[in-house]
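Step one of this worksheet: look at the structure below.
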Amino acid sequence: MAKIGDIDVGDFPLLLAPMEDVSDPPFRALCKEQGADVVYTEFISSEGLIRDAAKSVMKLDIYEKERPVGIQIFGANLESMLQSVEIVEASKPDIIDINFGCPVKKVVSKGAGAGILKDIDLMVSLTEAMVKHTNLPITVKTRLGWDHDSIKIVEVAERLQDVGCKAIAIHGRTRAQMYKGDADWRPIAEVKNNQRMHIPVFGNGDVDTPERAVAMRDEYGLDGAMIGRASIGYPWFFREVKHYFNTGEHLAPPTMQERVDAARRHLQMSIDWKGEKLGVFETRRHYTNYFKGIPDFKPYRMKMVTSDAPEDVFAAFDEVETLFADYDFAQQTI
671 MAKIGDIDVG DFPLLLAPME DVSDPPFRAL CKEQGADVVY TEFISSEGLI
721 RDAAKSVMKL DIYEKERPVG IQIFGANLES MLQSVEIVEA SKPDIIDINF
771 GCPVKKVVSK GAGAGILKDI DLMVSLTEAM VKHTNLPITV KTRLGWDHDS
821 IKIVEVAERL QDVGCKAIAI HGRTRAQMYK GDADWRPIAE VKNNQRMHIP
871 VFGNGDVDTP ERAVAMRDEY GLDGAMIGRA SIGYPWFFRE VKHYFNTGEH
921 LAPPTMQERV DAARRHLQMS IDWKGEKLGV FETRRHYTNY FKGIPDFKPY
971 RMKMVTSDAP EDVFAAFDEV ETLFADYDFA QQTI
């Protein structure tokens, strides 16, 4: 059983990765229902929190049904990060996660996210200060290194553990790779196989089939898998992985009815949480995967991703439900 501090997260837990404009409360709820063991918020700027920026503060919303839930923050200024910890604590998450892995230029240019991989001493000292500043478990999400020539993740992970980090999730790419090429899980396995490591080591990157999740568990010996892009518009990925773990067989894909129902719920929850305009806009990225593989689907997808009025999007769902009611998703590979 993997434990984050005192929190039992199960045998090889599946974690929903923190993804900007994706892992919000509506999507986290859907993933939790489908088997995600731990969910994380979108990453939140420490500077935004201490300035009381509306978008940053809104991301602190968490709900009992999500637990265990982690709030992820990023930044490179010690004082700002410590102040943000105090703000985050008021939302009563189970975990506080530090983002040391985001490769986006606007984050990296401030020395935050993956930018801190250029200064491992700062990365360690900042983690240590945050651990001392809260009773909540502090975890870290990071990458293998800044580039191929600076991969020292075994040493880095050990140092983070030694200052009190309770778990580490490692994306199997460097910052230089961004999201290109294949994720390399071998260095993550080296972290896990370090005899001094005793905290959970979770793998991230390219876990896009049940077979790959099994490989991460059985071939690489990791403690859990953090799922990102494979879940976007497809929260059923979590239940499919768990079914494969238990039976060695692929679960039948969700039916058209399940997909339309989930899309409706997702949109309505998003509107309820963030308002009509943002609710409609920020749910669009999910529709391609909700209905992936349906032949001649482009006209309906365009309605879903270009309509600004929620009633028009709901009408598109109704149309798809009627026209493609008998479509068999089992005939294709999702």
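Under my numbering, read the sequence shown as residues 671 to 1004, first letter to last.
Built from N, CA and C at the ideal position, the CB exists for glycine as well.
Since we're looking at a predicted model, the values are computed, not measured.
Determine the DSSP secondary structure at residue i, reduced to helix, strand or coil.
i, result
"residue 842", "coil"
"residue 688", "coil"
"residue 742", "strand"
"residue 805", "coil"
"residue 848", "coil"
"residue 998", "coil"
"residue 781", "coil"
"residue 993", "helix"
"residue 774", "coil"
"residue 1004", "Bear in mind that a pLDDT of 38 at residue 1004, under 50, signals an unreliable position, so the model cannot answer this."
"residue 1038", "Because the chain is modelled from 671 through 1004, residue 1038 falls outside the range shown and cannot be assessed."
"residue 987", "helix"
"residue 799", "helix"
"residue 920", "coil"
"residue 949", "helix"
"residue 793", "helix"
"residue 902", "coil"
"residue 786", "helix"
Starting from residue i, trace the beta strand (DSSP E) both ways and give me its first and last residue.
i, result
"residue 812", "808-813"
"residue 671", "Where residue 671 is concerned, there is no enclosing beta strand (DSSP E), given that its DSSP letter is neither H nor E."
"residue 710", "708-710"
"residue 872", "871-874"
On a CA-only basis, which of the options is nearest residue i? Give me that one, please.
i, options, result
"residue 941", "709, 804, 696", "696"
"residue 746", "717, 766, 761", "717"
"residue 963", "772, 924, 938, 979", "924"
"residue 892", "837, 783, 773", "837"
"residue 786", "914, 760, 807, 844", "844"
"residue 878", "808, 782, 959, 794", "959"
"residue 763", "741, 770, 683", "741"
"residue 866", "872, 831, 680, 886", "831"
"residue 827", "789, 839, 982", "839"
"residue 950", "933, 965, 966", "933"
"residue 702", "712, 715, 685, 676", "685"
"residue 909", "928, 876, 849, 706", "706"
"residue 937", "965, 894, 906, 985", "985"
"residue 735", "798, 957, 700, 816", "700"
"residue 902", "856, 886, 694", "694"
"residue 864", "752, 793, 823", "823"
"residue 729", "691, 704, 738, 753", "691"
"residue 816", "800, 782, 805", "782"
"residue 872", "796, 682, 675", "682"
"residue 885", "906, 905, 868, 918", "918"
"residue 739", "710, 887, 797, 801", "710"
"residue 874", "820, 855, 821", "855"
Looking at the secondary structure, which residues open and close the alpha helix (DSSP H) in which residue i lies?
i, result
"residue 959", "957-960"
"residue 718", "716-720"
"residue 824", "823-832"
"residue 888", "880-888"
"residue 929", "926-944"
"residue 971", "968-976"
"residue 699", "695-703"
"residue 914", "907-917"
"residue 858", "856-863"
May I ask you to list the residues that DSSP assigns as paired with residue i?
i, result
"residue 982", "Partner(s): none; residue 982 has no beta bridge."
"residue 897", "686"
"residue 678", "673"
Answer yes or no: the CB of residue i versus the heavy atoms of the ligand NAP, is any distance below 8 Å?
i, result
"residue 877", "As far as ligands go, the structure on display features none, and thus does not contain the ligand NAP."
Mind pulling the alpha helix (DSSP H) runs of 4 or more residues that sit fully within the stretch 724-769? Complete alpha helix (DSSP H) runs here, min 4: 724-728, 748-759.
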